[in-house]
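Colleague: Protein chains in written order, with numbering that gives the first Met the number 0: chain A, 0 to 354; chain B, 0 to 251; chain C, 0 to 270.
Ideal Cβ placement from N, Cα and C applies to all residues, glycine included.
Since this is a predicted model, take the numbers as computed values, not measurements.
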Amino acid sequence: MEVFGLWVAAALTLCIYSFLYRDNPFYRFAEHLFVGISVGYGIVIAIHQGVIPLAWEPLSEAFGGLWIEIAGDVTPESRQALWGLFRIIPVCIGLLFFARLSPNYAWLIRYPIAILIGFGAGAAIPNVLQANIFKQTQGTVAPFVTIHTADPASWVGTVGAVLMVIGVIITISYFLISVEQRDSFKWLSIIGIGLGSWGFAFVIADSITNDGLTATEIVGSILMVLGLLGTGYYFVSSVEQRNTFKWLPIAGISLLIIGFIVIYGNTIWNGNLTPWEVFSAVLIVIGVFCTLTYFFFSVEHRGAIQWTSKIGIGFLMIGFGAAFGNTVMGRLALMIHRVGFLINDWLGSIVALFG
Amino acid sequence: MKRQVPLALCFLFGVAMIYTQFSPHQYSEAVYNEVIKWGLIISPFALVLAVVTLIQTHTSRIRFRSEHWQYSFIVFIGMIVMVAVGLFFVPNWLLNLLPENVSTALADVQIGPQNPVFVWLYDNVQVPMDATMFSLLAFFIASAAFRAFRARAFEATLLLITAMFVMLGNIPVGDLVWNKVISWLPLPESWVLLEDGTSRMEDGASWLRQEILDVPNTAARRGIILGVSLGVISQSIRIILGIERSYLGGGD
Amino acid sequence: MLERFMNMDRRIIFLLIALVVIIPTLIPVRLRITVSEPTQKLYDYIEALPSGSNIMLAFDYGPSSLAEPEPMAKAVMQHCFSKGINVIGMTLFPSTVTLADKLMKKIADENNAVYGEDYVFLGYRPGTLPVILGMGTNIANVFDKDYQDTPLSDIPLMANVKNYDQISLLLDLASSSTTETWIIYANTKYDLKIAAGVTAVIIAQMYPYLQTGQLVGMMPGYLGAAEYEKLLNAPGDGTVGLNTASFAHLLIIGLVILGNIAFFIQRRKEA
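Encoded structure:
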């Protein structure tokens, strides 16, 4: 049976490879057989690894408990099992997926879908915020500072963290508004970005205070916040206003850089970070900033934004290039595996037969 | 009933999930666990949608005799065989009625996904075809590399050069060639050797690959993550609040 | 001439790529492999775990992409068994259950590991998100039985494992975005340590998480499998595969360069 299986597998593999010459009945046969077999497999697994252990078994246990209850031999276990009867509600909701079969009642499948979607959305909000926004932002500045967002003893850090959360929430709510309405709600995003950057500054200031705040560090932090605010303001102001404020992003970014040098020049000078590490970390900060700019301001790419998003595209291209280079390895791996099967397993078995 | 109730359910489950994740109270934890349980119970039934769509597509192909309609029968045969083998079982009352040697033999054929015929079909039909189908992409990527991968503009050139360096860094040949070239170059010793006598210039191909992935790639991907996550969060809020309703589909 | 070269039948390229894979498969070569930082980190993390720790292995790839994750699973399980670390297997992919079950058995047999004591395979449950979140409170809420239908309470290995608190690491062998899902939900909410063994296609998107430490380590595709095998000093399918892939890589790099040379010559002619 094992040898027969090997031949079946090899024959089907060759059927599919025949597509490389051109489309043909062997390929089409294999393709359709694959669809049928894999759907059949999926159904069996969904029933045996899903419906039976999660719905059928708890329910039948509960009904067993109910039976004992009716018969009068109540035990603590049978009482406990009765709670399982509540599970009949989600099972019935799950069964509503079968309403898809009836044109008149197809709308009933909205019930289970709505529950699953609501569940997913509710689970996503706090976790995505924490894992993908806070942790990722933290990671961007982590090479320079040790951040103590969770240190309850420090009020500066706590205020900073709270401000950051509020800032992010307000910025998100700006994106909730439809594009047409956004013009009249521009202040929302200004406040959001403003609060966010102040919070961020507080958090940084806090981490610095923990090992003694120096005058240069205070000056540097203030410069960085001003720079962030200025640049943020420019990005949310209207196109007409931007012409008057052309100098703003340049001044803002320069302030950011000066503030950065004022704070960290010392650390770098003392050799805590090698020039290469600093270069890499700074490059990440610039890359994240430019890529985000490219995404958020896709409508009007002019002046400073044009340049920032151009750099953003450059970073994206390097990212996609790296992904392409890796994809080549991945695709080849799939093929090497199949060729290995044909040569070592299948042909190997034939050679062994005659050898 | 058709729209309001689903919207209310979505709101209820969404809010329950958000609230219970923050509140450590024991009732809130019980609700959290119960909501997860509901999610677990409802999820397996969702497969019905995919299966029904597939069956409808192929029955209509057969009914309207569209191109290659004959092959749709193979889809059904494959599916029916797999389901029949995978769900095959003999109820206990029937086992008791049968003669003993037959019933023990039947009971030995394990029920469900562990059935030997089911496993045989999976191993020798499904897995090889799935793996081979996907491996066709190796041929297509080679052909695309020759035809479509052109340094037409600055951006494309950047992508192309990065891809080449990453490819070289991914394979052992990259470092082999690099180390050979370095040893041929007449570089001053202080450039090449570190204080402990090891070479600082060794394995440049994998070093470059690692730096590309670590720095510019991380920056670009992080930009994407931040952008997408802001989108996911605002979309989730819109879904829970009932502003976004496209998941309900068309109709009233 | 140039026209004809640029428009050559793509089946010629197919034939070339087949040859550069078939020949090294018949005549294997062995080149030196450099170990990258993400793989080293994963190895060091597992190496530092005390005997008796538990790690969870999520087989989150379809049969379509089994080429890369299988040698990774083999290398890591071999490492775990040699150090007395228990392995708990499961999958979020319905199409992988039988594959993962057989693979674990095979690797365990090669390493004389005992089912129920050194390793266990829980199987599959539908609905990714409730599965990941549900196991955080109690694994038995999601998997009340293992894949062999043995209740978890009867499995010695699971006696001391209630939820993620008793699991030192989750290694996600992934071919899609499941690693991100594990990070966002299991790591953020339950503080479960996550590592990844990913197919090459998704390597690049894992790096932001490596830098923040949300991923403790990663094996990048065939390269990662080969690197881990090198660290264990036990060359296997990853090493063989990576060496074979070298030649096909060189061919593809050559094709890109040739394609571009032809493109530039043609553009100059037209200009």
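For Arg192(C), name the three-state secondary structure that DSSP assigns.
Modeller: Position check: residue 192(C) holds Lys in this sequence, whereas Arg was assumed. For Lys192(C), the secondary structure class from DSSP, reduced to helix, strand or coil, is coil.
Colleague: In angstroms, rounded to a whole number, what distance separates the CA positions of Leu191(C) and Leu172(C)?
Modeller: 16 Å
Colleague: Tell me, please, which residues DSSP counts as bridged to Lys144(C).
Modeller: Pro150(C)
Colleague: Assuming the contact rule is C-beta atoms closer than 8 Å, Ile236(B) and Phe10(B) should be a hit. Round their C-beta distance to whole Å, please.
Modeller: Rounded, the Cβ-Cβ distance is 11 Å, inconsistent with contact.
Colleague: How is Phe88(B) classed by DSSP in three states: helix, strand or coil?
Modeller: coil
Colleague: In its own chain, which residues sit with a C-beta less than 7 Å from the C-beta of Gly235(C), not counting the 5 before and 5 after it?
Modeller: Pro70, Lys73, Ala74 and Glu228
Colleague: So is Gly83(C) buried or exposed if we call it buried at 16+ other beta carbons inside 10 Å?
Modeller: Counting the other CB atoms within 10 Å of its CB gives Gly83(C) a total below 16, which places it among the exposed residues.
Colleague: For the ligand ATP, I want to know if Asp100(C) counts as a neighbour, meaning its beta carbon is within less than 7 Å of at least one of the ligand's heavy atoms.
Modeller: With respect to the ligand ATP, the structure offers nothing, as it holds no ligand at all.
Colleague: So with Cβ pairs under 8 Å, would you call Trp119(B) a contact of chain A?
Modeller: yes
Colleague: Just tell me which of Ser64(C), Leu169(C) and Val160(C) has its CA closest to the CA of Met128(B).
Modeller: Ser64(C)
Colleague: By the 10 Å Cβ neighbour count, where 16 or more other Cβ atoms means buried, how is Gln213(C) classified, buried or exposed?
Modeller: Gln213(C) comes out buried.
Colleague: Using 8 Å as the threshold, is the C-beta distance between Gly61(C) and Thr33(C) below it?
Modeller: no
Colleague: Tell me the rounded alpha-carbon separation between Lys144(C) and Met205(C).
Modeller: 33 Å
Colleague: Quick one: complete alpha helix (DSSP H) runs, 4+ long, within the region 33-65 of chain B?
Modeller: Listed in chain order, they are 46-62.
Colleague: Can you list, in chain order, the residues of the region 90-103 of chain C whose Cβ is nearer than 7 Å to any Cβ on chain B?
Modeller: Of all residues in the region 90-103 of chain C, the ones placed with a Cβ closer than 7 Å to any Cβ belonging to chain B are Val96, Thr97 and Leu98, in chain order.
Colleague: Please compile the residues from chain B whose C-beta is within a distance smaller than 9 Å of the C-beta of Arg124(C).
Modeller: Leu39, Ser42 and Pro43
Colleague: Thr74(A) by DSSP, collapsed to three states: which one?
Modeller: Of the three classes helix, strand and coil, the one that applies to Thr74(A) here is coil, per DSSP.
Colleague: Under 7 Å Cβ-Cβ, which residues of chain B neighbour Ile44(A)?
Modeller: Pro112
Colleague: Leaving out five residues before and five after Leu151(C) in sequence, what residues of the same chain have Cβ atoms less than 6 Å from its Cβ?
Modeller: Ala139 and Met157
Colleague: Just the chain B side, please: which residues come within less than 9 Å of Gln210(C) by C-beta, in chain order?
Modeller: Per Cβ cutoff of 9 Å: Asp213, Thr217 and Arg221.
Colleague: May I ask you to list the residues that DSSP assigns as paired with Pro219(C)?
Modeller: Val197(C)
Colleague: Mind checking who Ile54(C) pairs with in its DSSP beta bridge?
Modeller: Val86(C) and Leu168(C)
Colleague: Assign Gln371(A) to buried or exposed, taking buried as 16 or more other Cβ atoms, counted over all protein chains shown, within 10 Å of its Cβ.
Modeller: Beyond the ends of chain A as shown, which are 0 and 354, falls residue 371(A); an answer cannot be given.
Colleague: List the residues of chain C whose Cβ lies closer than 8 Å to the Cβ of Tyr20(A), in chain order.
Modeller: Arg10
Colleague: Span of the beta strand (DSSP E) holding Tyr123(C)?
Modeller: Tyr118 to Tyr123
Colleague: Are the C-beta of Pro252(B) and some C-beta of chain A separated by less than 8 Å?
Modeller: Outside the modelled stretch of chain B, which goes from 0 to 251, sits residue 252(B), for which no answer is possible.
Colleague: Are the C-beta of Arg3(C) and some C-beta of chain B separated by less than 8 Å?
Modeller: Residue contact with chain B for Arg3(C): absent (no Cβ-Cβ distance below 8 Å to any residue of chain B).
Colleague: Taking Cβ-Cβ distances shorter than 9 Å, what residues in chain C pair up with Ile342(A)?
Modeller: Annotation: Cβ neighbours of Ile342(A) in chain C (cutoff 9 Å, chain order): Ile21, Thr24 and Leu25.
Colleague: Under 8 Å, do Gly85(B) and Pro43(B) count as touching if we go by C-beta distance?
Modeller: no
Colleague: Thinking Ile41(B) and Pro89(A) are a contact (beta carbons under 8 Å), I'd like their distance in whole angstroms, please.
Modeller: 6 Å
Colleague: Thinking C-alpha only, which one of Val281(A), Phe323(A) and Ala123(A) is nearest Ile140(B)?
Modeller: Phe323(A)
Colleague: Between the Cα of Ile189(C) and the Cα atoms of Gln165(C), Ser174(C), Ile201(C) and Ala47(C), which residue gives the shortest distance?
Modeller: Reading off the sequence, residue 189(C) comes out as Tyr, not Ile. The candidate whose alpha carbon is nearest that of Tyr189(C) is Gln165(C).
Colleague: Strictly under 8 Å for the Cβ-Cβ distance: is Thr33(C) near chain A by that measure?
Modeller: No, no contact with chain A.
Colleague: Could you check which residue in Arg149(B), Glu154(B), Val165(B) and Val180(B) has the C-alpha nearest to that of Leu249(C)?
Modeller: Val165(B)
Colleague: Per DSSP, which residues does Asp129(B) bridge with? Please list them.
Modeller: Its beta-bridge partners do not exist; DSSP assigns none.
Colleague: Can you confirm whether Thr56(B), when its beta carbon is compared against all beta carbons of chain A, has any partner nearer than 8 Å?
Modeller: no
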